[in-house]
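K.L.:
Can you keep this structure in mind? I'll have questions shortly.
4 protein chains.
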Amino acid sequence: MIDVALFGAGRIGSIHAGNLAKEAGARLKYVVDPNAKAGKALADRHGARASTVAEVFEDGSVKAVLICSSTDTHADLIQAAAAAGKQIFCEKPVDLDLARARTCADDVKRAGVACLIGFQRRYDPTFSALKARILKGEIGTPEMLVVTSRDPGAPPIPYIRSSGGIFKDMLIHDFDIFRWILDDEAETVHANGSCLVDPAIAEAGDADCTAVTIRTKRGRLCQINTSRRAAYGYDQRFEVLGSEGMLQAGNHAPTAVVSSTAAAVSRDLPEHFFLERYRAAYANELAHFFAVLAGREKLRTTIDDGVKALELADAATTSWKEGRIVRL
Amino acid sequence: MIDVALFGAGRIGSIHAGNLAKEAGARLKYVVDPNAKAGKALADRHGARASTVAEVFEDGSVKAVLICSSTDTHADLIQAAAAAGKQIFCEKPVDLDLARARTCADDVKRAGVACLIGFQRRYDPTFSALKARILKGEIGTPEMLVVTSRDPGAPPIPYIRSSGGIFKDMLIHDFDIFRWILDDEAETVHANGSCLVDPAIAEAGDADCTAVTIRTKRGRLCQINTSRRAAYGYDQRFEVLGSEGMLQAGNHAPTAVVSSTAAAVSRDLPEHFFLERYRAAYANELAHFFAVLAGREKLRTTIDDGVKALELADAATTSWKEGRIVRL
Amino acid sequence: MIDVALFGAGRIGSIHAGNLAKEAGARLKYVVDPNAKAGKALADRHGARASTVAEVFEDGSVKAVLICSSTDTHADLIQAAAAAGKQIFCEKPVDLDLARARTCADDVKRAGVACLIGFQRRYDPTFSALKARILKGEIGTPEMLVVTSRDPGAPPIPYIRSSGGIFKDMLIHDFDIFRWILDDEAETVHANGSCLVDPAIAEAGDADCTAVTIRTKRGRLCQINTSRRAAYGYDQRFEVLGSEGMLQAGNHAPTAVVSSTAAAVSRDLPEHFFLERYRAAYANELAHFFAVLAGREKLRTTIDDGVKALELADAATTSWKEGRIVRL
Amino acid sequence: MIDVALFGAGRIGSIHAGNLAKEAGARLKYVVDPNAKAGKALADRHGARASTVAEVFEDGSVKAVLICSSTDTHADLIQAAAAAGKQIFCEKPVDLDLARARTCADDVKRAGVACLIGFQRRYDPTFSALKARILKGEIGTPEMLVVTSRDPGAPPIPYIRSSGGIFKDMLIHDFDIFRWILDDEAETVHANGSCLVDPAIAEAGDADCTAVTIRTKRGRLCQINTSRRAAYGYDQRFEVLGSEGMLQAGNHAPTAVVSSTAAAVSRDLPEHFFLERYRAAYANELAHFFAVLAGREKLRTTIDDGVKALELADAATTSWKEGRIVRL
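Chains as they are written, first to last, in our numbering: chain A, 1 to 328; chain B, 1001 to 1328; chain C, 2001 to 2328; chain D, 3001 to 3328.
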């Protein structure tokens, strides 16, 4: 039985705590949150104890930590956990600063601990089935990737201000999809951005719609289009063109009801947002983490993946701000 | 905290035990199964104890029973549970004999206990959303219902011999769908059956494909087509035509991957069989049972629903065997 | 160059005249219609001449006739054409009276002329592709057929009164689909009918919704559901379950536009009614007729098909009126 | 009755000749083709006469010309036709040289004749319905456009060598779609290209896969992805994200057959190539041309549209070759 500490009792922390409860070989021992009330509530719900960062790292029985706290705490916690020899699950991003993220990666490697960065999309049933079918050769050699990634609505302006910008906050997931699906690295990045949803986002120095093109070292092409707003909900699709066909990942709908009236033939909107859309992905991801710890599986998203996605986000930000193509 | 006993440690019993584990206000105390090893294994997995029928009914702390044992034990257990004042969840059918089922219904009513019969389809996200949309008037007055219900493959012949026949074993679910969706009762039933899948099924006195037509008291029409074999998997669809439109319930697919190759544009097969297709339905159904016990919801599928579906199955069997239209 | 006479300058006559204009080896010589103005207008549009029944049959240069006049004239015209040795294309039905239709069939055979009965659905791109795929063995042996056939709205009551009833007027097409797709003949027919759309239809002695079940001589099962009203338009689908899979024929939509708004993900309604839905079918059908006359193809829908479909319509009418299963 | 001359008796010339035959107010008088045999064959089929360029322009009765000859003849013929006061329908492109195209546009305007450039996609039922729905406000303000445009296979290398390159040959249609759908002009263009299909295309100095991003003067974003090869056929889709929703134009399939077997649930491949996919578009386009000549409609794709699309193709070629973002 592995004792686990959870940092962060917010929305995503709660999800991981719930999934952890289904793990036969692990149990939640501590929940740490600056909001003591939230921490205690979540701890109570899962038979754990609200605690402090210090206590967690002093307790040798804690073998693994789940870092679900705010972005600005990730790097410190990763480094402390690595220093304490604890296995790490950390939500993206490693850090908003690329140099700092690289230092974390070095520390993790030196410590020899696992560090799974939470690119949960890789564990989504649709996305992972698609990837497996590419690997089986169903569409020959992948050549082009088109990613559509749209949120149902923009977050509050204060969130935007501290988010690191749309490329680090939102597209970092799409950059990871790009690397994972094409199994190749970027040679050049061109990012265009525009502010069409809310002028306050432009005032905050950010874009709310982007169009990114990546060319890989092997000459493959990837286009990513994103928006902070899709009136019809959370839009998470991508398609891969290969030499022998195409694989498309479509949205998930809550039900399979089709309505035909005098107005139209209609289906459900996509699942509302990431908590719904990636429910299974979060569960699969945590199960994978514990399977890695148990030696049953090999770590599939490492801190290096976190660093590489951040490099792309950095390059895209530069491309957009300076209006030029960036070579990596 | 409600103590619960489970009869039957087979496939469906295991599912309910797993769902029960998520109920905050209930815990599994006993598992009873003639196969002692299976009973103990399931009990162990959920911190319960393998036990006997007698012990369960003598233990006053047991407030609810889940009857997931073989069909021939349902009636006895329902009656014993009713006599002992325990709340009842019972898999369909109440009994293969209609008179016996009616007696059970009387006993349940006299005892004043809840008795949820496991027509889990009513709790499926697609089907229940469709029903809710009918109630909201989206298609006006429902007029016609077409049900397609096909298994991926036929069960073993010994199972067929003791199943009560395809109408009681397989279509009983479709008869419940009929009553639930059209919110009306049958006036006449005509059932045609054929043996096209496996001659051994005919030798066992059963059909493996059926075509049933029901006319309701209000003149609405329902057609049900079933087969013991669909090469493409478990096919569970229905559509309702109303005065102002149509609502269709489609199959669920494991993923939203679409493949386009030189051969075709293709999607996933439907989820393989009932355990996959109705995973959410089983969970919702059990949650409903405990919500009823907690007084938060009103029982939605009663033992009367079990009796009515059996009446239709009986009538359909007669119609098929005697080649005539049966009036209810 | 084949000279052709057209009886009937109405909607369907105009369509055939338009398609005839595309035939290199045929030309429209006469148009005959009791409404002289309509006949002349259509004749003028195609460089033909308005004429009379007598003139057509006296003109030996006319090698083929297209009978698109009212149902009550079909039998007389077929018999006159057969007697005159002219090749015949005739809209369904041969006649509302089965005995009369059989006499026509005898006359046609005796005369040795071709007589294509206008079951145009067999020439629809979707339906004919589906049939071809059955023949290629894609789904093994066909076992069950489910036909959905719904009009966008009911015709006027006077039309209904003279239509011969819903089974002869509307389902006759579905009976032909049944025979063609399952390649088998009916052993028993059970037809249920109800009047749910308009009470005036019941007063006219007819049903507006029907549920028909046919069992074939080889034990295959077919269900047909129809309605005179589908709020969403013309619904023309069928599906065939075979031992190795299923083939479904879906509706056609005018465009491939998909709209996603805050309300729903929606597609076009089906093409409005038979003139739109079967535009290509009508063209293919007439092209087939002239290919038969040119000796390039073998007649695919004969007057016997017209008689057989009428037998089924008669049996269904009896089944519905007498509330019993009819054996053929 | 308008007399018309057709230049070019090839594939596309034949299509326009066929559509012209359906125009009540126009007739084909001359067909001109350097291949005398092909010219005569097409002329014969439509009751026209094979002729020469000189004769056409000397014949004052010819009011309109259809220029469907090879690309290098377009500009000369446009200028000659404008000088002769004839109405012009010309296949894209106006010319491969932008300056020359602009001169043609000036000549056309000076002559005061109509000059419809054959961007037939604007007349496609799906695309034009989508555009009309944008104009009706269904998705609010259009913000982003994603265009997928893939051919089933690459043309022969000699064709590629004289094509002007993929941006002028293939994407010129997509550039027109961009301008038409977003109703805005480009501010910057970035084009990436790669040669993944056939190395011989790279040797010919061309790309076979491209990823283009356009930013409009109003800050809207457009991404176009193309390939010379899609194993599954001709892929012609686009989607527009607006402030209140999304409209997608999907591929057209030959039939609505769906097959479910043990392998997959599958549908038809898209219509094979442009002759099939845009059959209706070509017909609508020519009907529009004659409606313009008859004063019933206002010209919808002008020679200016041809020039603008060429400007984008030029900019994209430069962007790709020089690896930089091009400002227009």
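For each residue, glycine too, the CB sits at the ideal point set by N, CA and C.
On the premise that H272(A) lies in contact with Y234(A), defined as a C-beta separation below 8 angstroms, what is that separation, rounded to the nearest angstrom?
P.N.:
6 angstroms
K.L.:
With 8 angstroms set as the bound, which would you pick, yes or no: does the beta-carbon of R102(A) sit closer than that to a beta-carbon of chain D?
P.N.:
no
K.L.:
What is the rounded straight-line gap between the Cα of R2122(C) and the Cα of T1317(B)?
P.N.:
The alpha-carbon atoms of R2122(C) and T1317(B) are separated by roughly 36 angstroms.
K.L.:
Is the beta carbon of R1218(B) less than 8 angstroms from the beta carbon of V1197(B)?
P.N.:
Cβ atoms of R1218(B) and V1197(B): not closer than 8 angstroms.
K.L.:
What do you reckon, are the CB atoms on L77(A) and S70(A) nearer than 8 angstroms?
P.N.:
Their beta carbons are not under 8 angstroms apart, which means L77(A) does not touch S70(A) by this criterion.
K.L.:
Counting contacts by CB-CB distance shorter than 8 angstroms, is N3284(D) in contact with chain C?
P.N.:
no
K.L.:
Rounded to whole angstroms, what's the CA-CA distance from T3226(D) to K2136(C)? Just pull it up for me.
P.N.:
36 angstroms
K.L.:
Any beta carbon of chain A sitting closer than 8 angstroms to that of S2149(C)?
P.N.:
no
K.L.:
Should P1270(B) be labelled buried (16 or more other beta-carbon atoms within 10 Å of its own) or exposed?
P.N.:
buried
K.L.:
Which residues does DSSP pair with S3195(D) in a beta bridge?
P.N.:
The amino acid at residue 3195(D) is misidentified as Ser; the sequence shows Cys. According to DSSP, which records beta bridges pairwise, C3195(D) is partnered with nothing at all.
K.L.:
Sorted by chain position, which residues of the same chain lie with C-beta nearer than 6 angstroms to V3331(D)'s C-beta, five sequence neighbours on each side aside?
P.N.:
Here chain D has residues from 3001 to 3328 only, and residue 3331(D) is not among them.
K.L.:
Within a Cβ cutoff of 7 angstroms, which residues of the same chain sit near L2020(C), ignoring the five residues on either side of it in sequence?
P.N.:
V2004, A2026, L2028 and L2286
K.L.:
Using only the alpha-carbon positions, how far apart do G3205(D) and G242(A) sit?
P.N.:
Between G3205(D) and G242(A), the alpha-carbon positions lie close to 22 angstroms from each other.
K.L.:
Between R3215(D) and H3252(D), is the Cβ-Cβ spacing less than 8 angstroms?
P.N.:
no
K.L.:
Indicate whether at least one CB of chain B lies closer than 8 angstroms to the CB of I2181(C).
P.N.:
no
K.L.:
Using a C-beta to C-beta distance shorter than 7 angstroms, which residues of chain B count as neighbours of R2296(C)?
P.N.:
The premise fails here: R2296(C) is roughly 31 angstroms from chain B at the closest Cβ pair, so nothing lies under 7 angstroms.
K.L.:
Can you tell me which of L3328(D), L3293(D), W3320(D) and Q3120(D) puts its alpha carbon nearest to the alpha carbon of E3187(D)?
P.N.:
Distances from the alpha-carbon of E3187(D) to those of L3328(D), L3293(D), W3320(D) and Q3120(D) put L3328(D) closest.
K.L.:
Please classify F273(A): does DSSP put it in a helix, a strand, or coil?
P.N.:
Here F273(A) sits in coil by DSSP.
K.L.:
Just the chain C side, please: which residues come within less than 7 angstroms of M3246(D) by C-beta, in chain order?
P.N.:
S2260, listed in chain order.
K.L.:
Shorter than 8 angstroms from the beta carbon of A264(A) to some beta carbon of chain C?
P.N.:
yes
K.L.:
For the structure I just gave you, are there three or more beta carbon pairs, one from the region 109-124 of chain A and one from the region 144-153 of chain A, closer than 8 angstroms?
P.N.:
Taking 8 angstroms as the limit for Cβ pairs, the verdict is that the region 144-153 of chain A does not touch the region 109-124 of chain A.
K.L.:
How many angstroms separate the CA atom of I1015(B) from the CA atom of G112(A)?
P.N.:
40 angstroms
K.L.:
Find the residues of chain D that neighbour I378(A), judging by a C-beta separation of less than 8 angstroms, and give them in chain order.
P.N.:
Not covered by the structure: residue 378(A). The range shown for chain A is 1 to 328.
K.L.:
For A3263(D) and P3155(D), I'd like the C-alpha separation in whole angstroms.
P.N.:
33 angstroms
K.L.:
Between the alpha carbons of V292(A) and V2240(C), how many angstroms are there, rounded?
P.N.:
When the Cα atoms are used, V292(A) and V2240(C) turn out to be separated by approximately 47 angstroms.
K.L.:
Can you tell me which of the three DSSP states E244(A) falls into?
P.N.:
coil
K.L.:
Output, in sequence order along the chain, the residues in the region 1117-1140 of chain B whose CB is closer than 7 angstroms to any CB in chain C.
P.N.:
none
K.L.:
What are the residues that DSSP puts in a beta bridge with S2341(C)?
P.N.:
In the structure displayed, chain C extends from 2001 to 2328; residue 2341(C) sits before or after that span and is not available.
K.L.:
Cα separation between K92(A) and L310(A)?
P.N.:
10 angstroms
K.L.:
Beta-carbon of G85(A) versus every beta-carbon of chain B: anything under 8 angstroms?
P.N.:
no
K.L.:
Between the region 3077-3087 of chain D and the region 3100-3112 of chain D, are three or more C-beta pairs nearer than 8 angstroms?
P.N.:
yes
K.L.:
May I ask you to report which of helix, strand or coil DSSP gives T3302(D)?
P.N.:
DSSP places T3302(D) in coil when its eight states are reduced to three.
K.L.:
Where does A2017(C) land, buried or exposed, given buried means 16+ other C-beta within 10 angstroms?
P.N.:
buried
K.L.:
If the cut is a Cβ gap below 9 angstroms, which residues of chain B does D3268(D) touch?
P.N.:
A1264 and V1265
K.L.:
From G2193(C), R2179(C) and R2161(C), pick the residue whose C-alpha is nearest to that of E2203(C); which is it?
P.N.:
R2161(C)
K.L.:
What's the call for I2157(C), buried or exposed, on a 16-neighbour Cβ count within 10 Å?
P.N.:
exposed
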